[in-house]
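Student: Position 50, counted from 1, in the sequence shown is what UniProt numbering calls 50; the numbers after and before it change by one each time, with no gaps.
Quick reminder that beta carbons are idealized off the backbone N, C-alpha and C, glycines included.
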Amino acid sequence: MSAEQRKNQRRRNTKNGEAAPPQPPPAETKKKYNLRNKSGAAAAAPPTTPVRWVDDDTLFDTFEDAAAAPPAAAAVPHKTVHGIQVPGNMPCTVKIHLHANVEADEDYDSDEDSDYEEEDDDEEEERMPGGLLGALLARSMGGRPGLIVVDDESDSEDEKPKTPIKLSRRETKYMKTLKSKEKKMAIQSMHKVSKLLEESEVPYKFRALALDTTPQIQTEIIRKIDAMTRMGNESGETQKLRNWVNAILRVPFGKIIPLPVTCKDDPADCAKFLVQSRATLEKATYGMLPAKTQIMQILAQWISNPQSVGNCIAMKGPMGTGKTSFARNGIATALKRPFMFFSLGGASDIAHYSGHSFTYEGSMWGRIIDAIIQAKCMNPVLYFDELDKISGTPHGEEITSMLIHLTDRSQNSQYHDRYFAGIDFDLSQCLFVFSFNDESKVHPVLKDRMSVIQCSGYKDDEKKIIVANYVWPEVLKNAGIRREELTATEEAAEYIIREYSNGEQGMRNIIRIVETVVSRINLLRLSDEESGKQYKFWTKITFPLTLTRDIVKTLLKDVELTAPDTWRSMYN
């Protein structure tokens with residue numbers, strides 16, 4: 001019987017519960033030692049065969065296999081994989097996947113505490129050598145070096161989709177299922193959204209230290225961060241603190257949009273900039289020479305002294321004279337600054353502008369600071385419309401008091417929002433622009449802080465110029481009609497101004513009538529004759545077309561000459 005057969009027979013006997021070979025008799029307890037004749041006693045002793053006791057088939061297999069195997073022809077080279085030495089020709093490998101203990105459906109959590117815990121876990125995994133892990137696994141399996149630890153490459157950074165915003169596991173899995181075109185569109189949308197989300201891998205404290213503000217404000221922010229960290233994720237105050245910290249870190253402390261030129265530049269460049277700014281103001285609105293002159297003076301002041309504080313101007317005039325258009329398309333465009341609009345008509349809640357206290361559940365910061373955050377600079381153009389329409393109740397007086405504080409040059413460098421208690425916001429370099437119709441309804445203290453500019457109404461000749469150069473091109477553009485396809489005679493323009501302006505000094509009614517004429521022409525040119533005759537204003541329309549007085553009169557056959565002014569009672 002060969003050695004292999006004997007080994008298999010012994011395994012079967014052991015598994016079947018058969019008795020092992022009998023134990024050899026014990027040696028004699030009394031031994032006589034003859035130190036003088038040691039060699040002779042040893043020769044006279046009978047030879048003994050060593051016996052090994054085997055309880056199962058897992059011990060000494062290596063020695064038996066080595067004894068039964070023929071001598072190797074050549075030494076097998078060894079190799080080291082992750083700190084474990086294995087034969088070079090070993091065919092069997094064990095692949096171990098190491099995953100984080102996170103639920104598959106768990107959404108991404110951006111809490112500061114969880115970020116710190118994940119960073120600590122990553123550092124511990126990086127410090128653990130691959131050889132130590134392999135040795136532990138080999139020891140647990142009987143000491144045999146037959147294990148090769150292979151890193152899990154399925155979750156490697158190269159195979160993860162690169163996205164501008166952070167995704168949870170479920171979102172990442174769904175991202176991988178998208179087609180190439182859908183994935184590309186999703187990434188493009190993420191790029192647009194990421195600019196507004198302002199996500200950052202930088203920890204909160206380092207972002208606070210990077211703010212261009214005073215050490216006192218940085219200290220207050222860090223205290224909030226420490227309080228948020230101590231409370232943990234289970235506390236209800238944690239989310240409130242996180243909203244506070246995220247909001248204050250979005251405030252653009254110290255970021256100013258300067259003018260493209262200063263007095264230190266070439267005088268020719270300064271003169272060129274002033275010429276371009278004047279052209280921008282002329283393109284925005286017709287007339288308003290006092291307002292344009294005031295803006296040019298402010299520009300010259302900021303060119304000479306870029307650190308000069310902001311100004312506060314107010315435009316007074318009748319409705320529809322283009323005050324808002326001048327501020328948006330003229331002032332903000334000439335200064336190359338963001339334009340932030342505030343409507344004061346009927347305003348009665350001070351918390352809308354100054355924020356709620358941080359202690360309230362669901363509290364938010366005010367509209368003033370929100371405009372600064374959206375503008376991403378500390379010197380935007382803040383435009384307050386309908387200043388004379390603020391509510392006359394005590395709540396409306398609170399808004400007036402807030403505006404008085406906001407426009408005071410000695411105080412607006414330390415503006416306070418109720419939500420961000422203890423934080424000073426420097427709004428001294430903002431340009432405050434107000435508009436109102438009735439000067440008698442403006443608080444005298446607030447009016448005293450402004451440079452009031454009179455924006456008078458327009459005469460009929462001026463209205464005709466405005467219609468030809470400003471209103472008509474814009475209305476045709478909105479209707480999708482080229483200027484060479486549709487023109488109008490001066491007689492038609494004079495008829496519209498004379499019959500439909502209703503004696504107003506502004507341009508709103510005239511703009512409304514011009515839009516009606518163009519939209520009806522567009523409707524008739526797209527309709528067939530049968531359906532077009534159903535309208536009272538039907539007439540044959542073919543392009544190119546020149547509007548005459550008769551065509552305009554036909555198109556406006558069912559339009560009332562006077563419009564009710566019942567809306568005015570809203571503010572009386």
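How would you call L281, buried or exposed, if buried means at least 16 neighbouring beta carbons within 10 angstroms?
Tutor: Residue mapping note: residue 281 aligns to position 281 of the sequence shown, counting from 1. By the neighbour-count rule (16 or more Cβ atoms within 10 Å), L281 is buried.
Student: Taking 8 Å as the threshold, find out whether the segment 254-263 comes into contact with the segment 226-246 through three or more Cβ pairs.
Tutor: no
Student: Can the beta-carbon of A314 be found closer than 8 Å to that of S435?
Tutor: Reading the sequence shown from its first residue, position 314 is the one you call residue 314. Reading the sequence shown from its first residue, position 435 is the one you call residue 435. Yes; because the gap between Cβ atoms is below 8 Å, this pair is in contact.
Student: Taking only three categories from DSSP, how would you classify A421?
Tutor: Taking the sequence shown and counting its residues from 1, one reaches residue 421 at position 421. A421: coil per DSSP, three-state reduction.
Student: Looking at the unbroken beta strand (DSSP E) that takes in M340, where does it start and where does it end?
Tutor: The count along the sequence shown starts at 1 and reaches residue 340 at position 340. Here the beta strand (DSSP E) through M340 covers 339-343.
Student: If I measure Cβ to Cβ from G146 and keep anything under 6 Å in the same chain, skipping five residues before and after, which residues do I get?
Tutor: The residue labelled residue 146 in the question sits at position 146 within the sequence shown. In this prediction, G146 has a pLDDT of 48, which is less than 50 and means its spatial position is unreliable; what the coordinates show is noted afterwards. No residues qualify anywhere along the chain.
Student: My output table needs one value for D385: the three-state DSSP class, helix, strand or coil.
Tutor: Position 385 of the sequence shown, counting from 1, holds the residue named residue 385. D385 falls in the strand class under three-state DSSP.
Student: Going by Cα to Cα distance, which pick from E504, I497, F358, F341 is closest to G422?
Tutor: As a position in the sequence shown, residue 422 is number 422, starting the count at 1. It is F358 whose Cα lies nearest to the Cα of G422.
Student: Apply the 10 Å Cβ neighbour rule to C455 and answer buried if 16 or more other Cβ atoms are within range, or exposed otherwise.
Tutor: On the sequence shown, position 455 is the one that residue 455 refers to. Result: buried.
Student: Short check: CB of T163 to CB of M190, under 8 Å?
Tutor: By 1-based counting over the sequence shown, the position of residue 163 is 163. By 1-based counting over the sequence shown, the position of residue 190 is 190. Contact: yes.
Student: Identify whether K32 lies in helix, strand or coil by the three-state DSSP scheme.
Tutor: What you label residue 32 is simply residue 32 of the sequence shown in a count that begins at 1. Caution applies to K32, whose pLDDT of 49 falls short of 50 and renders its modelled position unreliable; the value that the coordinates give is listed next. Note: K32 maps to coil in three-state DSSP.
Student: Please list the terminal residues of the continuous beta strand (DSSP E) segment that includes C312.
Tutor: Position 312 of the sequence shown, counting from 1, holds the residue named residue 312. Where C312 is concerned, the enclosing beta strand (DSSP E) stretches over 312-316.
Student: In this structure, what does DSSP give as the bridge partners for H78?
Tutor: Mapped onto the sequence shown, residue 78 falls at position 78. Beta-bridge pairing links H78 to P87.
Student: Below 8 Å, how does it come out for the segment 426-435 and the segment 381-390: are there three or more Cβ pairs, yes or no?
Tutor: yes
Student: Where does V193 land, buried or exposed, given buried means 16+ other C-beta within 10 angstroms?
Tutor: Residue numbering aside, residue 193 sits at position 193 when the sequence shown is read from its first letter. Answer is exposed; the Cβ neighbour count stays below 16.
Student: Please name the residue, chosen from K264, R409, I511, L523, that lies closest to S308 on a Cα-to-Cα basis.
Tutor: Start at 1 with the first residue of the sequence shown, and residue 308 comes out as number 308. Here the closest residue by C-alpha is R409.
Student: Within its chain, find whatever has a CB closer than 7 Å to the CB of S363; leave out the 5 residues flanking it on each side and keep chain order.
Tutor: Position 363 of the sequence shown, counting from 1, holds the residue named residue 363. Result list for S363: H356, S357, Y419, in chain order.
Student: Quick one: measure Cβ to Cβ for L221 and I248, integer angstroms, because I've assumed they're closer than 8 Å.
Tutor: For the purposes of this step, residue 221 is taken as residue 221 along the sequence shown, with counting starting at 1. For the purposes of this step, residue 248 is taken as residue 248 along the sequence shown, with counting starting at 1. Here residue 221 turns out to be Ile, not Leu, going by the sequence shown. Indeed they touch by this definition, with Cβ atoms about 6 Å apart.
Student: If contacts are defined as beta-carbon pairs under 8 Å, then F425 and I369 qualify, I think. What distance do you get, rounded to the angstrom?
Tutor: If you number the sequence shown from 1, residue 425 lands on position 425. If you number the sequence shown from 1, residue 369 lands on position 369. That belief holds up - the Cβ atoms of F425 and I369 are roughly 6 Å apart, short of 8 Å.
Student: Name the DSSP bridge partner or partners of F434?
Tutor: Numbered from 1 along the sequence shown, position 434 holds the residue referred to as residue 434. Beta-bridge pairing links F434 to A314, F384.
Student: Which residue or residues does DSSP assign as beta-bridge partners of T546?
Tutor: As a working note, residue 546 is residue 546 in the sequence shown. For T546, which the question treats as bridged, DSSP gives the partners T487.
Student: By the DSSP assignment, the alpha helix (DSSP H) with Q276 in it spans what residues?
Tutor: Taking the first residue of the sequence shown as 1, we reach residue 276 at position 276. Here the alpha helix (DSSP H) through Q276 covers 267-284.
Student: For S194, name the three-state secondary structure that DSSP assigns.
Tutor: Position 194 of the sequence shown, counted from the first residue, corresponds to residue 194. Three-state DSSP puts S194 in a helix.
Student: How big is the Cα-Cα spacing for K264 and I303?
Tutor: As a working mapping, residue 264 is identified with position 264 in the sequence shown. As a working mapping, residue 303 is identified with position 303 in the sequence shown. Each residue's Cα considered, the two are about 9 Å apart.
Student: Among the residues of its own chain, which have a CB less than 6 Å from the CB of residue 591, if the five just before and after it don't count?
Tutor: Beyond the ends of the chain as shown, which are 1 and 572, falls residue 591; an answer cannot be given.
Student: I think C347 touches I390, with their Cβ atoms under 8 Å apart; what is that distance to the nearest whole Å?
Tutor: Against the sequence shown, residue 347 aligns to sequence position 347. Against the sequence shown, residue 390 aligns to sequence position 390. The residue you asked about is not Cys; residue 347 is Ala in the sequence shown. Right, the Cβ-Cβ distance comes to about 6 Å (below 8 Å), so this counts as a contact.
Student: Name the DSSP bridge partner or partners of S451?
Tutor: In the sequence shown, counting from the first residue as 1, residue 451 sits at position 451. BP columns for S451 point to I313.
Student: Do the segment 544-564 and the segment 482-492 make contact, defined as three or more Cβ pairs closer than 8 Å?
Tutor: yes
Student: Which class does Y415 belong to by DSSP, given the choice of helix, strand or coil?
Tutor: In the sequence shown, counting from the first residue as 1, residue 415 sits at position 415. Of the three classes helix, strand and coil, the one that applies to Y415 here is strand, per DSSP.
Student: Assign N469 to one of three DSSP states: helix, strand, or coil.
Tutor: Working through the sequence shown from its first residue, we reach residue 469 at position 469. In the structure shown, N469 sits in a helix (DSSP, three-state: H, G or I).
Student: Taking only three categories from DSSP, how would you classify M507?
Tutor: Counted from its first residue, the sequence shown places residue 507 at position 507. The answer is coil: DSSP assigns M507 none of H, G, I, E or B.
Student: Assuming contact is defined by CB atoms lying nearer than 8 Å, are I513 and Y286 in contact in what I supplied?
Tutor: Within the sequence shown, numbered from 1, the residue matching residue 513 stands at position 513. Within the sequence shown, numbered from 1, the residue matching residue 286 stands at position 286. Cβ distance not < 8 Å, so I513 and Y286 don't count as in contact.
Student: On a Cα-Cα basis, can you pick out the residue from H78, Q534, V245 that is closest to L211?
Tutor: For the purposes of this step, residue 211 is taken as residue 211 along the sequence shown, with counting starting at 1. Nearest to L211 by C-alpha distance, out of H78, Q534, V245, is V245.
Student: Given a cut-off of 8 Å, decide if K540 and K557 are closer than it, judged by their beta-carbon atoms.
Tutor: Locating residue 557 in the sequence shown gives position 557, counting from the first residue. Locating residue 540 in the sequence shown gives position 540, counting from the first residue. The answer is no: Cβ separation not under 8 Å.
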